[in-house]
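In the working numbering, the protein residues as written are 616 to 929.
All C-beta atoms in this analysis are idealised placements derived from N, C-alpha and C, irrespective of residue type, glycine included.
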Ligand code: ZN
């Protein structure tokens with residue numbers, strides 16, 4: 616059982632980071648115009664988010680949805696305190712990212728915990744990826760940028776099934792050694808359950824006390840928010856989510872993606888957990904995404920609206 620070190624009555628504070636403009640848009644079937652992306656990211660910036668994942672330096676022929684990343688980075692107008700994060704797949708991607716180094720603050724490097732998923736995703740073994748991570752980590756430090764790591768399929772792989780916890784935590788330790796100051800654990804295809812998540816984050820926080828650990832859940836099988844709650848109870852204070860419940864994984868077709876930022880934030884606020892975010896503005900941004908895509912999105916708070924407590928009857 617995780618130890619609770621809070622003093623009674625203390626408000627819990629968590630960080631909720633937005634990944635919709637990268638993780639979300641990447642997996643949507645529609646092509647979203649650059650101007651619309653910029654408008655939506657600016658709307659997210661007004662909701663009080665402290666970090667938004669805005670672009671990716673993967674090859675445009677692999678992920679055409681994100682081929683306008685540099686234009687998006689140049690076009691957005693975010694408050695000073697919002698960190699702009701970009702996803703980088705390898706040293707070549709890092710070369711390209713550093714050409715526009717002034718347009719972002721944070722770099723995310725990623726690997727899949729499962730060998731098969733890593734090979735299918737980026738066509739390299741886990742070992743090859745981690746060797747490159749070590750080289751890239753040094754360059755990121757030299758540039759004075761923040762190095763965030765993402766471990767995909769941390770809670771299960773669609774090809775290999777269960778992924779041993781030790782394997783994931785060993786990779787996290789390797790990332791920390793390479794200079795990562797934050798490590799995200801992704802439930803890429805929604806295979807986690809709350810009991811395992813509690814066990815996992817308890818062990819992870821114990822093993823890596825000096826690194827910020829982030830929970831990144833998908834709602835593929837409807838367990839995303841329950842998993843987020845389990846991570847919170849285990850002591851996790853950093854979460855990623857996607858407005859409108861955008862994105863996710865293209866396999867299986869039709870499955871929902873990341874948990875919706877507004878659902879996660881709504882749940883936290885109802886529980887008295889402070890996020891520093893403006894829920895109404897998040898819902899507004901999700902509504903704007905819905906109208907850009909021209910179809911109903913699956914976010915619950917978008918469909919039902921945030922909880923409104925009726926005034927006490929007189
Ligand atoms: Zn995701």
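Along the chain, where does the beta strand (DSSP E) that runs through residue i open and close?
| i | result |
| --- | --- |
| residue 816 | Looking at the DSSP string, residue 816 is not in any beta strand (DSSP E); the run it does join, the alpha helix (DSSP H), is 809-822. |
| residue 916 | Segment 915-919 is the alpha helix (DSSP H) holding residue 916; no beta strand (DSSP E) there. |
| residue 666 | 666-671 |
| residue 727 | 721-727 |
| residue 766 | 761-767 |
| residue 633 | 630-633 |
Going by DSSP, what residues sit across from residue i in a beta bridge?
| i | result |
| --- | --- |
| residue 829 | 799 and 853 |
| residue 647 | Answer is none; residue 647 lacks a bridge partner. |
| residue 703 | 724 |
| residue 873 | 833 |
| residue 627 | 888 |
| residue 776 | 772 |
| residue 604 | Absent from the structure is residue 604, since the part of the chain shown begins at 616 and ends at 929. |
Give every residue of the same chain whose Cβ lies closer than 8 Å to the Cβ of residue i, excluding the five residues on either side of it in the sequence, and list them in chain order.
| i | result |
| --- | --- |
| residue 732 | 767, 768, 772, 773, 774, 775 and 803 |
| residue 693 | 656, 657, 660, 667 and 699 |
| residue 673 | 681, 702, 704 and 708 |
| residue 810 | 845 |
Which residue comes first and which comes last in the alpha helix (DSSP H) that contains residue i?
| i | result |
| --- | --- |
| residue 714 | No alpha helix (DSSP H) contains residue 714, which DSSP labels as neither H nor E. |
| residue 689 | 684-690 |
| residue 805 | No alpha helix (DSSP H) contains residue 805, which DSSP labels as neither H nor E. |
| residue 741 | 741-758 |
| residue 677 | Looking at the DSSP string, residue 677 is not in any alpha helix (DSSP H), and its letter there is neither H nor E. |
| residue 599 | The structure shown does not extend to residue 599, since the chain is modelled only from 616 to 929, so the question has no answer here. |
Less than 7 Å between C-beta atoms, sequence neighbours within five positions excluded: which residues of the same chain meet that for residue i?
| i | result |
| --- | --- |
| residue 843 | 830, 832, 854, 874 and 879 |
| residue 616 | With a pLDDT of only 44 at residue 616, under 50, the local geometry of the prediction cannot be trusted, and the value read off the model is given with reservation. So the list is empty, once near-sequence residues are dropped. |
| residue 840 | 874, 878, 879 and 882 |
May I ask you to check if the CB of residue i is nearer than 7 Å to at least one heavy atom of the ligand FAD?
| i | result |
| --- | --- |
| residue 684 | What this structure holds is the ligand ZN, not the ligand FAD. |
Inter-stretch contact (C-beta, 8 Å, three-pair minimum) for the stretch 809-821 and the stretch 767-780: Taking a contact to require three or more Cβ pairs closer than 8 Å, the stretch 809-821 and the stretch 767-780 qualify as touching.
Contact between the stretch 685-699 and the stretch 768-778 (3+ Cβ pairs under 8 Å): By the Cβ rule, the stretch 685-699 does not count as touching the stretch 768-778, because fewer than three pairs are nearer than 8 Å.
Contact between the stretch 852-863 and the stretch 786-796 (3+ Cβ pairs under 8 Å): Result no; under three Cβ-Cβ pairs closer than 8 Å.
contact_flag[the stretch 635-650, the stretch 672-682] where n(CB pairs < 8 Å) is 3 or more: Result yes; three or more Cβ-Cβ pairs closer than 8 Å.
Touch test, the stretch 890-903 against the stretch 658-674, Cβ-Cβ under 8 Å, three pairs minimum: Contact holds: three or more Cβ-Cβ distances are below 8 Å.
Within 5 Å of the ligand ZN: residues by beta-carbon to any heavy atom: The set, ordered by position in the chain, is 638 and 873.
Any 3 or more C-beta pairs closer than 8 Å across the stretch 661-670 and the stretch 631-639: The answer is yes - the stretch 631-639 touches the stretch 661-670, with three or more Cβ pairs under 8 Å.
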